[in-house]
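Residue 211, in the UniProt record's numbering, is where the sequence shown stops; the numbers in between run on with no holes.
Okay, so here's the structure we're looking at.
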Amino acid sequence: MRNTPKRMPINSGTTTFFNRAAEPKPNTDSPVHTPKKVLAKLNSLKMSSFRSMSMSLADNNTSEDNEDGGESSEGIPKCDSTYSIDIQHSTTLWEANPRPENSGDFYQFTSFAMSLNEIEPGMEKKLCPTDCRLRPDMRKLESGDLDAAASEKVRLEEKQREARKARKGKKGQEWTPRWFCHGENPYTGNDDWLYAGGYWDRNFSGSPDIF
């Protein structure tokens with residue numbers, strides 16, 4: 001059996017430190033190891049937005065960082081490693097587009113993420129009644145009404161539970177998905193959900209009321 005050194009907790013006020021002196025030190029000369037400076041910063045980050053936890057090291061790594069570079073413990077420093085992932089004569093295949101100016105008002109979504117939930121005028125009449133874009137809790141959340149969104153979410157969950165109980169009460173009647181069937185994937189050979197057809201005919205009569 002291999003003996004693994006244990007961290008000994010040391011209580012100091014409301015903060016718990018861990019004695020890492022007994023742990024073997026990694027070889028920082030290798031590109032696969034994170035520089036000690038970055039590790040110190042990661043261990044000293046504060047989750048100020050949640051105000052739920054704060055981590056710190058017992059040694060003087062953070063104070064050394066401030067002396068060397070004057071960097072604050074509130075951020076992650078740029079790695080000072082000599083290793084680089086830049087590849088000569090390489091070609092950029094894809095770059096992320098900048099976020100829209102109003103991204104901060106919409107949960108930091110990208111333009112693509114915003115478009116996933118967007119319902120353009122006249123689209124509701126063409127969508128299947130079970131389309132997730134029609135979820136009332138999501139529409140409330142997107143409009144910024146958090147209280148109404150939470151209430152709608154609870155209502156939908158209760159409605160789903162009642163519908164599930166009703167199906168279980170009908171003996172010999174199993175729920176059959178309308179647009180998909182379970183079978184063998186012709187490309188992978190594994191069990192998978194396969195498109196059963198019919199959705200694009202837009203005959204949505206008989207769709208269950210799930211919202």
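No residue lacks a Cβ here, since even glycine has one placed at the ideal position from N, Cα and C.
Fair warning: this is a prediction, and the values are worked out from it, not measured in the lab.
According to the DSSP assignment, residue 191 belongs to the beta strand (DSSP E) that extends over 191 to 195.
Contact between the stretch 116 to 123 and the stretch 95 to 105 is not established, with fewer than three Cβ pairs separated by less than 8 Å. Taking C-beta atoms under 8 Å as the contact rule, residue 211 and residue 146 fail to qualify, at a distance of about 19 Å.
The C-alpha of residue 124 lies about 16 Å from the C-alpha of residue 137. For residue 183, the enclosing beta strand (DSSP E) starts and ends at 180 to 184. DSSP places residue 136 inside the alpha helix (DSSP H), whose first and last residues are 136 to 142. Excluding five sequence positions before and after residue 192, the CB atoms of its chain that fall closer than 6 Å to its own CB belong to 185, given in chain order.
Nearest to residue 197 by C-alpha distance, out of 181, 190 and 207, is 181.
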